[in-house]
Every structure is written in structure tokens, then in C-alpha cells.
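Sequential numbering from 0 applies to the sequence shown in numbering that gives the first Met the number 0.
As C-alpha cells, the structure follows; a few thoughts come after it.
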Amino acid sequence: MQINNKLQNLMILTNNNALAAGMSYMFTLYIANRFGPEIYGQYSYILAWAGLFGIFVQYSFNEAAPAYYSRGDRLQTLFNDIFTIRVILLIVLLAIMVVRMLFSKSPLTNIMVVGYTVPNLAISFMYEIYDKRKKYSFIYLVERSVYIILVLMYGFVNEITIVTLFLAFTIVSILSIVFQYHQYSHYIKSYRYPKMSDLILRMKDNLPLVSIELSNYAYGGISKIMIEDKLGAFSLGLFSTGMQLLLIMNIFQAQVNNLWRIPLFKSINERNARGFISVVIEYIKYSTLPAIVLTILFYLYSPDLIHYLFSSEYEPLTNYVQLIGFFIIIINVNSLISMLWIGFDKKNTYMIISIIFAAILGLTLWFSSSDMGLVGYIKQILIIRVCHSSVSLILLYHWNLKWIQK
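Below, the structure is given as C-alpha cells:
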């Protein structure tokens with residue numbers, strides 16, 4: 000793909016998803032201000048658990064499927080395996096939630112966790128393999144728009160609650176997934192239940208990626224659960240609101256990964272040193288440098304944004320929001336590191352590294368005193384995240400990248 004086409008696709012993908020992100024961002028402001036930090040913290044707590052369970056259901060196949068395909072896997076076989084595994088895992092999750100409801104003081108919370116995992120059945124990897132990323136970006140844009148419109152229409156005549164958001168989100172997500180599967184209905188018609196041995200092999204092969212994603216989730220989702228446990232729903236509401244300011248970066252990074260993933264994998268598989276270096280330079284030039292600029296702007300202007308965007312209840316957010324901006328660079332650099340480990344088929348090694356640092360983070364937060372406050376917790380998350388990325392990059396070069404010098 001020529002660089003001009005790549006940039007054009009990146010702009011279209013980013014524009015579509017930036018529009019969706021912009022709407023979601025404004026909607027988040029609306030919900031956060033309407034709920035207040037306490038209730039918004041409860042809402043974030045549900046999303047944190049849903050994100051954790053969603054990692055198991057999605058099983059990192061959106062990231063791995065292009066790599067499998069580039070190595071010669073038949074697409075129908077790939078579709079059969081991924082679809083079957085995700086359905087089985089969703090059923091297992093549903094069973095776990097049913098058991099939890101029997102002993103929970105809030106059964107509805109468990110139901111909502113299941114509902115928020117539904118989007119993990121999406122087949123965005125099919126659109127990426129078929130090079131129809133732009134089409135999927137429009138699907139996502141429509142999905143977010145309909146969800147927001149439904150909630151706002153309901154809010155004109157009724158009080159919006161966490162349940163309101165859950166019902167609207169689940170209904171729209173199901174409709175979107177039905178449409179996606181209809182787009183590739185010939186794969187549904189040709190579906191054959193895979194052999195259990197093949198499913199186990201596929202899950203075993205992808206387990207390192209899932210472990211890596213769980214480890215990465217420790218810095219966001221699992222940390223939120225611990226913050227709620229240590230500091231309460233109010234602090235979690237503040238932290239979650241601050242992290243929402245990074246939404247546009249997450250959307251941009253997702254499109255960057257979609258565009259550079261397959262070219263990066265191909266250059267590695269072909270041991271094309273010149274092509275590999277070219278792809279990495281493009282990545283740094285067109286994504287890392289903008290991420291650095293965005294971090295600087297975020298550091299300079301984010302405190303002012305808090306005053307303009309949020310109610311007085313969120314005033315404490317100004318005390319630490321600048322720290323959150325450094326996640327922008329970390330997200331970008333770590334995405335490249337993760338793709339490289341996957342491309343070199345060294346998932347097990349990267350899994351071990353990620354698990355070690357996730358364990359360090361978990362133990363650090365667990366034994367940290369609540370007297371440190373939210374600023375102390377965020378600093379710990381950032382420091383350990385930087386150490387994780389640094390060690391991963393050093394080992395990656397030492398073990399895998401020396402071939403480019405030959």
C-alpha cells in the first residue's frame with residue numbers, strides 16, 4: 000500500500016472514529032455531570048468488570064486473526080474457530096454471572112456486566128482482513144450515534160439511570176452485531192463446528208495474547224476496581240472521567256494498529272529488513288510524533304478543560320489530570336511493542352514479561368495506603384507502565400531485532 004493511500008485511509012478512519020469519539024465524549028460529559036462522581040464511579044465500576052470479562056470473550060482474536068491469515072490460515076476455518084470459541088466463552092460467562100447473582104446483593108449489576116460484553120462478539124477482524132476498515136468505521140459511527148440518540152431522547156422525558164444506559168447499549172450492540180454477521184453471511188452458511196482439538200489448540204496458541212491483554216488491562220480496568228476498593232466510588236468517578244479525556248487517542252491508536260499491523264507482520268515473516276525499518280519509521284512519523292504533540296497540548300490545557308467541561312463537583316480532577324496525559328505516549332509506544340512481539344511469534348515471552356509487571360502493579364496498589372490519594376495511585380501506575388514498556392523494548396531488540404543489522 001502506498002504511503003499516500005495509507006495516510007488517506009488513516010485520515011478517513013480517524014475522522015469517522017473521531018466523530019464517534021467526539022459524540023461519545025460529549026455524551027460522557029453529559030452523563031458524568033448528570034450522575035455526579037459518586038454514581039458515575041458506580042457506572043465505571045460495572046464497565047471495569049465488563050471490560051475484564053470481555054477480554055476473555057473476545058480472546059484477543061481481533062489482534063491475532065490478521066496474523067493467522069497472513070501465515071496462510073483459511074479464512075473459513077479461522078471464522079469457524081473464532082466464532083465458536085467466543086460463543087462458548089460467552090455461555091461460560093453467563094453461567095458465572097448466574098452463580099454470582101445467587102450470592103450477590105445486587106443481581107442487576109451482574110446482568111449489566113454480561114450485557115456490556117456483547118460487543119466482543121463483533122467481527123471487526125473480517126473487515127480488516129478484507130481491507131474494509133472504512134466500512135467498519137461507518138458501522139461503529141452509526142452504532143454510537145443510535146445509542147446516544149436513544150439515551151438522549153429518553154432523557155428528555157425520564158430520569159436517566161445506569162439501567163437506562165445498559166438497556167440502550169445492549170440493544171444497539173446486538174443490532175450492530177446482527178448486521179455485521181449478515182454482511183458475511185456466507186461464512187455463517189458455510190459454518191462447520193470445529194473439532195474440539197482444533198479449538199483447544201487455537202485457544203492455547205492465543206492464550207499468551209489474552210494474558211498480555213489482561214496484563215495491560217491491569218493498568219486501566221483492574222486499577223479502577225482497586226481504586227474503588229481503596230478510595231471509593233467518588234475517586235473512581237474522578238479517575239474514570241479523567242481517563243475519558245484520552246478517548247480520542249484510543250480511537251486514533253486503534254486505526255493506527257489496523258493500518259500498520261499487516262504490513263509489519265509481512266515484513267517480519269519475509270525477513271525484509273528494509274521493509275521492516277520503513278514500516279517502523281512510518282509508524283513513528285505518523286503516529287508517535289503526533290502522540291507526543293498531543294501529550295504536550297494535554298499537559299498545557301487539560302486543567303482549563305476541566306473548568307469548562309465539568310461541574311464544580313469535578314474540581315478535584317484538576318489536581319492530577321496532567322499526569323493522565325502521559326498515558327498518550329505510553330499507549331502509542333506500547334502498541335508498537337505489542338505488535339512486534341506478536342509479529343515475531345514470541346507471544347509466550349511477552350506474556351511472561353507482561354504478567355510479571357501486572358503482578359507488580361497489582362501488589363503495589365493492593366498494599367498501597369489510601370492516604371496516598373488518587374495522585375499517588377496514578378503515579379505508581381505510570382511508573383510501572385514505563386518500566387514495563389522499557390524492559391519489553393530492550394529484550395525485544397536483544398532477542399529478535401538483531402537480524403535487521405545483517
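Every residue gets a Cβ at the ideal spot worked out from N, C-alpha and C, and that includes glycine.
Note that the structure is a prediction, hence the values are computed from the model and not measured.
query: For Ser-311, count the other beta carbons within 10 Å of its own beta carbon; 16 or more makes it buried, fewer makes it exposed. Which is it?; result: exposed
query: Ignore the nearest five residues each way along the sequence and tell me which others in Leu-92's own chain have a CB closer than 8 Å to its CB.; result: Phe-52, Phe-55, Val-56, Val-113 and Thr-116
query: Take the Cβ of Ser-286 as the centre, count every other Cβ of all protein chains shown within 10 Å, and call the residue buried at 16 or more, exposed below.; result: buried
query: For Gly-241, which option in Thr-317, Ser-266, Leu-174 and Leu-89 has the closest C-alpha, if you only look at C-alpha atoms?; result: Thr-317
query: Does DSSP classify Leu-245 as helix, strand or coil?; result: coil
query: Curious, which full-length beta strand (DSSP E) runs of at least 3 residues does the region 289 to 325 contain?; result: none
query: Take the Cβ of Ile-393 as the centre, count every other Cβ of all protein chains shown within 10 Å, and call the residue buried at 16 or more, exposed below.; result: exposed
query: Quick check on the DSSP output: what are the complete alpha helix (DSSP H) runs of length 4 or more inside the region 160 to 220, in order along the chain?; result: 161 to 182, 184 to 188 and 195 to 216
query: Please confirm whether Tyr-39 and Gly-324 have their CB atoms less than 7 Å apart.; result: no
query: Check whether the Cβ of Phe-233 sits closer than 6 Å to any heavy atom of the ligand MN, and report yes or no.; result: This structure simply doesn't include the ligand MN, nor any ligand for that matter.
query: Mind the definition here: the region 342 to 359 touches the region 200 to 212 only if three or more C-beta pairs lie below 8 Å; say whether that holds.; result: yes
query: Taking the alpha-carbon positions, what's the Met-338 to Arg-260 distance?; result: 7 Å
query: Below 8 Å, can you find three or more Cβ-Cβ pairs linking the region 69 to 77 to the region 172 to 183?; result: no
query: Relative to the C-alpha of Phe-26, which candidate in Met-202, Met-111, Trp-48 and Phe-168 has its C-alpha closest?; result: Phe-168
query: Go through its chain and collect everything with a Cβ distance to Gln-379's Cβ below 6 Å, but skip five positions before and after it.; result: Thr-363
query: Looking at the secondary structure, which residues open and close the alpha helix (DSSP H) in which Tyr-153 lies?; result: 132 to 156
query: Check each candidate in Lys-194, Ala-357, Gly-375 and Tyr-396 and name the one with the smallest Cα separation from Cys-386.; result: Ala-357
query: When the Cα atoms are used, what is the spatial distance from Pro-65 to Ile-128?; result: 6 Å
query: So Ala-47 and Ile-224 are in contact, right, with Cβ under 8 Å, and what is the actual spacing, rounded?; result: 5 Å
query: Quick one: what does DSSP say Met-0 is sitting in, helix, strand or coil?; result: Per-residue confidence for Met-0 stands at a pLDDT of 44, beneath the threshold of 50, marking its modelled position as unreliable; the derived number appears in the next sentence. Met-0 falls in the coil class under three-state DSSP.
query: Between which two residues does the alpha helix (DSSP H) carrying Met-225 extend?; result: 222 to 230
query: Tell me which same chain residues have a C-beta within less than 6 Å of the C-beta of Met-0, skipping the five on either side of it?; result: Confidence in Met-0 is poor, its pLDDT being 44 and thus under 50, which makes the residue's placement too unreliable to answer from.
query: With DSSP run on the structure shown, which of helix, strand or coil describes Lys-284?; result: helix
query: Report yes or no: do the region 215 to 235 and the region 367 to 381 share at least 3 C-beta pairs separated by less than 8 Å?; result: yes
query: Whose C-alpha, out of Ser-175, Gly-35, Met-125 and Ser-43, is nearest the C-alpha of Thr-76?; result: Met-125
query: Of the residues Tyr-139, Leu-140 and Ile-170, which one's Cα is nearest the Cα of Leu-407?; result: The requested residue 407 does not occur in the structure, where the chain is confined to residues 0 to 405.
query: Which of the three DSSP states is assigned to Phe-82 in this structure?; result: helix
query: Indicate the three-state DSSP secondary structure (helix, strand or coil) for Ala-121 in the structure shown.; result: coil
query: Quick check on Leu-373: buried or exposed, where buried means 16 or more other Cβ atoms within 10 Å of its Cβ?; result: buried
query: Could you give the C-beta distance for Leu-326 and Leu-245, rounded to a whole number, given that I count them as a contact under 8 Å?; result: Per the sequence presented here, residue 326 reads as Phe, with Leu not at that position. Yes, Phe-326 and Leu-245 are in contact; Cβ-Cβ is about 6 Å, under 8 Å.
query: Restricting to Cα atoms, I'd like to know which of Leu-304, Ser-389 and Trp-365 is closest to Asn-328.; result: The displayed chain sequence assigns Ile, not Asn, to residue 328. Comparing Cα positions, the closest option is Ser-389.
query: Is it true that the CB of Asn-257 sits closer than 7 Å to the CB of Ser-334?; result: no
query: Where does Lys-265 sit, in a helix, a strand or coil, going by DSSP?; result: helix
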